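Position one of the sequence shown corresponds to residue 1144 (our numbering), numbered consecutively onward.
The beta-carbon is built from N, C-alpha and C at its ideal position, and this holds for glycine as well.
Please read all numbers here as calculations on a predicted model, not as lab measurements.
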Amino acid sequence: MTFELISKDPGSKARLGRISTPHGDIDTPVFMPVGTQATVKTLTPEDLVAAGTKIMLGNTYHLFLRPGHELIHRMGGLHGFMNWPHPILTDSGGYQVFSLSDLKTIKEEGVTFQSHIDGARHLFTPESVMEVETALGADIIMPLDECTPYPCAYEYAEKSQAMTLRWAMRSKQRFSELEGRGRHPQALFGIVQGSTYEDLRVENAQALVDMAFDGYAIGGLSIGEPKSTMGGLIDLTLACLPEDQPRYLIGAGTPEDLIDAVGRGLDMFDCVIPSREGRNGALYTQNGRININNARFKEDPAPLDETCSCYACRTFSKAYLRHLYHTGEMLGPRMGTLHNIYFFVGLAGQMRKAISEGRFVKWSEQFLMRYRTEKNRKECDL
């Protein structure tokens, strides 16, 4: 994997870049749809390509449990299994271990957890996660880390980030040993942790840079902390990271969050918001997020978003989409998810264009003014 820093916005820290992988190039900033179980729920690979998707995510925890990394490896890795010839990123599964498993034990060796599916006990170590992700065959992979909850006591956060650093070193060692055993070269990112404590974040980031990863992710944010806290910690962390490598903010996904993070100098983003909320009728438009279930759309003949080229916007009225959700028809969640993916992938495209033209600040002001209309703000909460 290589990263080319193409240009910087003159009025902010936003940057235009290109990541080159064995399965294609990725222009940044980029939004990455989440395909938890080797699929973005309700969508086909063709849908994702039509939306402009250049890279998607798979989840190591879920794929390890079902259908298993060894089976996926035999089926040609994730690319062959999914019939997705473009870049893929897999997370380590650590977040799911800590959030989904009620019975887990964290030790220096790794984390023992109980499957949320059948109750079976499993052990994730830094080494075993590298082995699983090598078998899955994603272009970019993540090491095992602990995402501490918010709020988190300083003493625990300090011990956790120190252990995460030791896990990172072990991951990198095993990754090096496995080099050449996969179907194609892979890139390994380091993940910065440290809860909301500035000194821990700086210590963690600097130590990871010394380990020389292929890129760097910022984890443990967008989990309930104030937006101002998140922004300050992002700035602090980015100051410690090299400019000539990609920077990935894990899990932050509202349009406001993405625009703010790009303006601070981040390159890569993922979130389940487009698919999860799309299945429930929360749909994103240039004028804000709407709840398509609201009564005011019952006889609305207009398309969801006149600026959008997705199938739902080209074909159906808001009234018909509302009908689909209200009657429980599967086409409703599919159309909602499709539209939201178009919106978020397209938002990243708008940001790239604005950066390339040196007008990111002006564009973001105009976009947010339109997006934050009072009418839509009132109906934003589902």
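Per DSSP, reduced to three states, the secondary structure at ALA1330 is strand. Runs of the beta strand (DSSP E) spanning 3 or more residues and lying entirely within the segment 1280–1343 occur at 1330–1335, in chain order. Rounded to whole angstroms, the gap between the alpha carbons of VAL1240 and LEU1208 is 11 Å. If you keep only unbroken beta strand (DSSP E) runs of at least 3 residues inside the segment 1417–1484, you get 1425–1428 and 1431–1434. Per DSSP, the unbroken alpha helix (DSSP H) holding PRO1188 starts and ends at 1188–1193. The C-beta distance from GLY1358 to ALA1281 rounds to 13 Å, too long to meet the 8 Å contact threshold.
Between PHE1440 and ARG1465 a beta carbon distance of about 5 Å is seen, short of the 8 Å cut, so the two are scored as contacting. Taking ARG1326 as the centre and dropping the five residues before and after it, the same chain places the C-beta of GLY1220 and GLY1280 closer than 7 Å to its C-beta, in chain order. For SER1371, the secondary structure class from DSSP, reduced to helix, strand or coil, is helix. Here THR1248 is bridged, per DSSP, to THR1255. A straight line joining the alpha-carbon of THR1233 with that of LEU1287 spans about 11 Å. Here HIS1212 carries a helix assignment [DSSP, helix/strand/coil]. Out of SER1155, ILE1334 and PHE1174, the CA that lies nearest to the CA of LYS1505 is found in SER1155.
Secondary structure of MET1225 (DSSP, three-state): helix. Taking GLY1253 as reference, the option from LEU1214, ARG1309 and PRO1446 with the minimal CA-CA separation is ARG1309. Relative to the Cα of LEU1214, the nearest Cα in the group ALA1330, LEU1266, GLU1276 and THR1428 belongs to GLU1276. In its chain, beyond the 5 residues on either side, ALA1360 and MET1411 have a beta carbon closer than 6 Å to the beta carbon of TYR1391. Less than 9 Å separates the beta-carbon of LEU1409 from that of ILE1377. DSSP, reduced to helix, strand and coil, places SER1163 within a strand of the structure shown. Following the DSSP letters along the chain, one finds LYS1151 inside the beta strand (DSSP E) bounded by residues 1145–1151. Nearest neighbour of ASP1443 by Cα position, chosen from GLY1236, SER1460 and THR1450, turns out to be SER1460.
In this structure the segment 1341–1349 touches the segment 1369–1389; the number of beta carbon pairs closer than 8 Å is three or more.
A Cβ-Cβ contact shorter than 9 Å links LEU1401 with LEU1490.
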